[in-house]
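Notes for the one structure printed next.
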Amino acid sequence: MKSINKELYVGVFVLIGLLCAGYLTVVLGGVPMFSPKGYTLYAYFTSVSGLKTGATVEMAGVEVGNVSEIILDKKRFEAKVGLRIDQGIQLSEDSIASIKTAGIIGEKYVSISPGGSDIMLEDKEAFNNTESALDIESLVRKFIFKNDKDK
């Protein structure tokens with residue numbers, strides 16, 4: 001009888017431990033359990049270097065979504081970025097999607113500047129105005145080679 005009680009307590013303790021480990025894995029690992037509520041918008045960029053799937057989408061410094069996919073559009077030969085925007089955030093058709101860097105060498109994210117139009121973007125529509133990522137390497141290269149020519 002005492003053996004059964006001990007085994008029951010150990011089993012319950014192990015089960016609780018496994019549930020806690022699973023919860024921490026999901027929460028700390030950022031694994032979405034349910035599909036996030038919201039809608040998808042697309043933005044086309046000439047360069048998305050450094051931008052990764054899962055990167056944040058911000059508006060006025062506040063996170064309003066994340067990057068759901070990055071693919072090459074074979075018709076336009078541009079990067080097509082899917083942006084998952086939180087439900088309740090309405091963006092006008094003249095909003096601007098820009099790729100920014102957090103700090104000097106930080107992670108890339110998408111920043112949205114709101115527009116003033118009364119026409120709102122619907123699910124699966126694309127931004128008309130985008131600004132690609134600033135390529136610091138090419139800027140440094142131009143600066144170095146420009147200075148070499150001046151000598």
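Number 12 in my numbering belongs to position 12 of the sequence shown; there are no gaps in the numbering. Where is the CB? At the ideal position from N, CA and C, for every residue including glycine. These numbers come from a predicted model, not from an experiment.
At a cut-off of 3 residues, the continuous stretches assigned as beta strand (DSSP E) that sit fully inside the stretch 44-70 are 56-59.
Runs of the beta strand (DSSP E) spanning 3 or more residues and lying entirely within the stretch 63-119 occur at 78-86, 96-101 and 108-113, in chain order. In the structure shown, the three-state DSSP call for residue 133 is coil. Approximately 7 angstroms separates the beta-carbon atoms of residue 67 and residue 51; this is inside 8 angstroms, confirming the contact. Residue 84 and residue 38 have their C-alpha atoms roughly 7 angstroms apart. Residue 39 is bridged by DSSP to 85.
Note on geometry: alpha-carbon atoms of residue 79 and residue 45 lie some 5 angstroms from one another.
Annotation for residue 73: 80 place their beta carbon closer than 6 angstroms to its own, counting only its chain and skipping 5 residues before and after. Minimum Cα-Cα distance from residue 129 among the listed residues 102, 8 and 115 corresponds to 115. The C-beta of residue 3 has fewer than 16 other C-beta atoms within 10 Å across all chains shown, which makes the residue exposed. For residue 126, the beta-bridge partners assigned by DSSP are 42.
Judged by DSSP in its simplified three-state form, residue 121 adopts coil rather than helix or strand.
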